[in-house]
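Below: one structure, written as C-alpha cells.
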Amino acid sequence: MSTLAGTRRRRNPRLGWNLLGLLVFVVAGFPLYWMLNTAFKPAKDAIDPDPSLLPTGLTLDNFGRALDIADFWGPVGRSLVVSLAVVVIGMTVGLLAALAISRFAFRGRKIVIVGILAVQMVPLVAMIIPVFLLLNDLGQYDRLTGLIITYLTFILPFTVWTLRGFIVNIPRELEEAAMVDGCSRTGAFLRVVFPLLAPGMVATSVYGFIQAWNEYLYALMLLSQKNQTATVWLGNFTTKHGTEYAPMMAGATMMAVPIVALFLLVQRKMAAGLTAGAVKG
Amino acid sequence: MSAAETTTTAKVPPPRQAPPPPPKDRRPRGQRTSGGALAPWLLLAPCLLILALVMGYPLARLVTLSFQKFGQSQLWGFQPAETVGFDNFAKVLGDGEFWAVVLRTIVFAAGAVVFTMVIGMALALLLQRVSGWLKMLINIVLVASWGMPVIVATTVFKWLFDSDYGVFNALLSKLPGVEMIGHNWFASGPEGLAVIMLLVIWGAVPFVVITLSAGLTQVPKELEEAARLDGAGSWGVFRFVTLPVLKPIIVMLTTLSVIWDMGVFPQVFVMRGGHPEPEFQVLNTYSYDRAFVVNDYAQGSAIALITVLLLLGVVAVYMRQMLKIGEVE
Chain A
1 MSTLAGTRRR RNPRLGWNLL GLLVFVVAGF PLYWMLNTAF KPAKDAIDPD
51 PSLLPTGLTL DNFGRALDIA DFWGPVGRSL VVSLAVVVIG MTVGLLAALA
101 ISRFAFRGRK IVIVGILAVQ MVPLVAMIIP VFLLLNDLGQ YDRLTGLIIT
151 YLTFILPFTV WTLRGFIVNI PRELEEAAMV DGCSRTGAFL RVVFPLLAPG
201 MVATSVYGFI QAWNEYLYAL MLLSQKNQTA TVWLGNFTTK HGTEYAPMMA
251 GATMMAVPIV ALFLLVQRKM AAGLTAGAVK G
Chain B
282 MSAAETTTTA KVPPPRQAPP PPPKDRRPRG QRTSGGALAP WLLLAPCLLI
332 LALVMGYPLA RLVTLSFQKF GQSQLWGFQP AETVGFDNFA KVLGDGEFWA
382 VVLRTIVFAA GAVVFTMVIG MALALLLQRV SGWLKMLINI VLVASWGMPV
432 IVATTVFKWL FDSDYGVFNA LLSKLPGVEM IGHNWFASGP EGLAVIMLLV
482 IWGAVPFVVI TLSAGLTQVP KELEEAARLD GAGSWGVFRF VTLPVLKPII
532 VMLTTLSVIW DMGVFPQVFV MRGGHPEPEF QVLNTYSYDR AFVVNDYAQG
582 SAIALITVLL LLGVVAVYMR QMLKIGEVE
C-alpha cells in the first residue's frame, strides 16, 4: 500500500512538470515552426485572417518568388567570402595569441588578458561612426576587405578567449612528456596539443563563422546596396517587400536553416571538445 | 633542437606528415633563437596589431570626434574639423529628447534582463524535472532559437505580430470576447517596444538556460540533501544552496545581458522598417540617427560615448567575474 502511494506521488509531479515542459516546448518553438509553416504554404493561405495552425499544403513557389524579387546568390556569395576569410585569418591569429597567453608566463600577460576581455565589451554599435570614417579615409568603404578587417576585431577577442580555455584544459604535462621524449616545443605542440585542440578549434571556427554571417549593422553601413550581404538582403526584403509574407518567410528560412543546422552541430562539438580536452588529457 | 629531434629516430617521419606544416612551425622556431621573453609577444603581435588598428584607433577617434564639429562638409573634406570642447555634450545633455531616450533604454533593458534571467532560471530548473526525451526536445528548440540570426528572428516576429494577418492576433481573437484582428502593435511606442522586448527575451533565454543547466549539474547533491535533512523546503534549498553555488554564473549572465540589451539595435531598426519613430528610439538607434540621418557625426559620437560610460560599471563587474573564473582554471 505504502509503496503504491509512494510511486503514485512520485509519478504525478513528473507528469505535471512534463505538461509544463511541453508547453514550454510549444511556445519556444512556435516562431520557428511558424516561419517554416508560412514558407511552405501557398501564398494565398498566408494572408488568411484566420490562419490554419497546421500545414495547408506544400509548395516551393514562395522560394522562387523570394529569389526573383532581388538577387539572392550574390549576397550569399559575398557573405560566404567575408565569413570564411574572417574565420581563417581569425583562427590563425587567434590561436597564436591564445598560445601566448595560456602557455607562456611573461610580464604583461595579465594586462593583455584584461585588454582582450575589455575589447570584447566595447559596444560595437558605438564604434560604427569612427570605423565608418576610418574605412572611408583608407578607401575601404564598400569593399569586402574593409568589412573583413572590421569583423576580425569582433571575432578575435572571443576566439582568443575560447581557444585559451581549450588549451588550458590540455595538461601541460603531456607536452612536457613529449619534450622529455625528444620533441621540440613546436613538435610537442603539433603532435600532442594540436590533435587534442582540433575539436575545440572546429567549434570555435563555426561559432566565429556564424557571428560574421549574422552581422547586420556594419554590413549595412560599410557596403553599398550593390554589394550587400545576406543579412542586409533579408533586412531590405523585410522593410521593402514586407507585405509579401510568404516569400519573406521563405527568405528567412533560407537564411536560417543552414546557420541553425551548423549551430546545432557546434553545440555538441563544443561540449565534446571541452570534455575531451579535460578527460582524455 | 634538430639534434634533439633526430635522437628519436623512430619518430622522425610522422612530424613531416603532421597536417599544418610550415607557417606555425616557423614562428616558434624564431622565438627560440631570440630568447623566451620575446616569444609570447611575437605570438601576440598579429592579434594586437589588428585590434589596435580597427578597435584602438576608432575608439580614440570616437573620443576626439565627440569634441569636434564634424558634419557632412568635414566628411567630404571641404572643411577641417574644429575642436569645440564640450559643445556636443552640452547640446546632447541639454536635450529633453535625449533623456527620454536614456530612460526608455534603461527601462527596456531592465525589463528584458529581469525577464530573461527569471524565465531562464525557471526553465533551467524545469529541465531538471522533466523526462529525458522532453528535455532533449526542449534543448533542441532552445539551441535552434539561439542559433537563429537576429535578422531572421526579427523578420519572423514582424510577421507573427502583423496587424491583419499575424497569427498572434488571430490566436488572441479565438479567446471569447477578444477581437484583436487589425490591432496594430506598433501604433504606440510602449506596446511596440513590448513586442521587441519579447523578441529580445526569446532570443536571449536559450543561452541563459543552457549555461545555467550546465551550472546546475555542478551543485553538489550532498549539499542539497544536507539542507533537506536540516528541514529546508524546495525554496530553502534553492535559496540557500543552489543560488549561492550558481552566483558566479548568474553574475556573469546578468552583466552580459545588461550589456547586450542596452545595445539592442537591429531588432528595433528592422522592426521599424529602417526608420524608428521617435517613441521607438533607444540609445543606439538614436546615436545612429544623429550620425547618419541628421549627418551630425560628432553628436552621434558623443551619444555613443555616453552609452559606453553608462555601461562601464557593468563591464567592470563582468570583467572581475571573468578574471576570477580564468584564475580558477
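Chains as they are written, first to last, in my numbering: chain A, 1 to 281; chain B, 282 to 610. Glycine included, C-beta positions come from ideal geometry on N, C-alpha and C. Note that the coordinates shown come from a computational prediction; the quantities given were computed from them, not determined experimentally.
Closer than 8 Å by C-beta to valine 373 of chain B: which residues in its own chain qualify, once you throw out the five before and the five after it? Chain order, please.
-> Phe379, Gln580, Ala583, Ile584 and Ile587
So what does glutamine 349 of chain B bridge to, in DSSP terms?
-> B:Thr364
Tell me, please, whether the region 155-173 of chain A touches the region 205-220 of chain A by the rule of three or more beta-carbon pairs shorter than 8 Å.
-> yes
Below 9 Å between beta carbons: does that hold for glutamine 228 of chain A and leucine 220 of chain A?
-> Yes, the pair counts as a contact, with Cβ atoms nearer than the cut-off.
Expressed to the nearest angstrom, what Euclidean distance is found between the alpha-carbon atoms of leucine 593 of chain B and threonine 145 of chain A?
-> 31 Å
Helix, strand or coil: which one does DSSP assign to leucine 480 of chain B?
-> helix
For threonine 229 of chain A, does the three-state DSSP call read helix, strand or coil?
-> coil
Consider the Cβ of tryptophan 322 of chain B: report whether some Cβ of chain A lies at a distance smaller than 9 Å.
-> yes
Can you tell me the Cα-Cα spacing of alanine 403 of chain B and isoleucine 531 of chain B, whole angstroms?
-> 13 Å
Neighbouring residues, chain A, relative to arginine 342 of chain B (Cβ below 8 Å) | Pro130, Leu133 and Leu134
Other residues of its chain near lysine 350 of chain B: CB distance less than 7 Å, five sequence neighbours each side excluded = Ala362, Glu363, Val365 and Ala579
Cα separation between phenylalanine 442 of chain B and phenylalanine 104 of chain A?
-> Straight-line Cα distance between these residues: approximately 54 Å.
What residues in its chain sit with their C-beta under 7 Å from that of methionine 552 of chain B, if we drop five residues either side in the sequence?
-> Thr435, Lys439 and Ile477
How many whole angstroms separate the CB atoms of alanine 252 of chain A and asparagine 62 of chain A, which I take to be in contact at a CB cut-off of 8 Å?
-> Taking a contact as a CB-CB distance under 8 Å, the pair alanine 252 of chain A and asparagine 62 of chain A does not count as one, their CB atoms being some 10 Å apart.
Does the beta carbon of isoleucine 170 of chain A sit closer than 9 Å to a beta carbon anywhere in chain B?
-> no
Closest Cα partner of alanine 495 of chain B within the set B:Leu537, B:Val563 and B:Thr523 | In terms of CA proximity to alanine 495 of chain B, B:Thr523 leads the group B:Leu537, B:Val563 and B:Thr523.
Under 9 Å between C-beta atoms, does arginine 78 of chain A make it to chain B?
-> no
Mind the definition here: the region 559-573 of chain B touches the region 382-392 of chain B only if three or more C-beta pairs lie below 8 Å; say whether that holds.
-> yes
Is arginine 78 of chain A buried or exposed, if buried means 16 or more other CB atoms sit within 10 Å of its CB?
-> Using a 10 angstroms sphere on the CB of arginine 78 of chain A, the tally of other CB atoms reaches 16 or more, which defines it as buried.
Provide the residue span of the alpha helix (DSSP H) that contains aspartate 61 of chain A, from first to last.
-> 61-69
Is the distance from the Cβ of threonine 150 of chain A to the Cβ of tyrosine 245 of chain A below 9 Å?
-> no
For leucine 604 of chain B, count neighbouring Cβ atoms within 10 angstroms of its own Cβ and tell me buried if that reaches 16, exposed if not.
-> It counts as exposed.
Consider the Cβ of valine 193 of chain A: report whether some Cβ of chain B lies at a distance smaller than 9 Å.
-> no
With C-beta atoms as the reference, is leucine 480 of chain B less than 9 Å away from valine 500 of chain B?
-> In this structure, leucine 480 of chain B lies away from valine 500 of chain B, with their beta-carbon atoms at least 9 Å apart.
What are the boundary residues of the alpha helix (DSSP H) that methionine 336 of chain B is part of?
-> Segment: none, methionine 336 of chain B is in no alpha helix (DSSP H) and carries neither H nor E.
Identify each residue in the region 39-53 of chain A for which the Cβ-Cβ distance to at least one residue of chain B is less than 9 Å, and report them in chain order.
-> Ala46, Ile47, Asp48, Pro49, Asp50, Pro51 and Leu53
What residue does the alpha helix (DSSP H) around leucine 213 of chain A start on, and which one ends it?
-> According to the sequence as given, residue 213 of chain A is tryptophan; it is not leucine. Tryptophan 213 of chain A -> alpha helix (DSSP H) spans 194-214.
What is the rounded straight-line gap between the Cα of isoleucine 155 of chain A and the Cα of glycine 358 of chain B?
-> 32 Å
Between the CA atoms of serine 444 of chain B and asparagine 658 of chain B - distance to the nearest angstrom | This structure does not reach residue 658 of chain B, given that chain B is present from 282 up to 610, and the question cannot be answered.
Does the separation of the CB atoms of alanine 66 of chain A and phenylalanine 237 of chain A fall below 9 Å?
-> yes
Would you decide whether glutamine 267 of chain A is buried or exposed? Buried here means 16 or more other CB atoms lie within 10 Å of its CB.
-> buried
Cα-Cα separation between leucine 54 of chain A and alanine 451 of chain B, rounded to whole angstroms | 14 Å
Alpha-carbon to alpha-carbon, isoleucine 462 of chain B and leucine 265 of chain A = Spanning the two alpha carbons is a distance of roughly 40 Å.
What's the gap between the Cα of phenylalanine 561 of chain B and the Cα of valine 344 of chain B?
-> 27 Å
Of the residues A:Val180, A:Leu135 and A:Met248, the one placed nearest proline 339 of chain B, counting alpha carbons only | A:Leu135
Spatial distance of proline 247 of chain A from glycine 401 of chain B (CA atoms) = 33 Å
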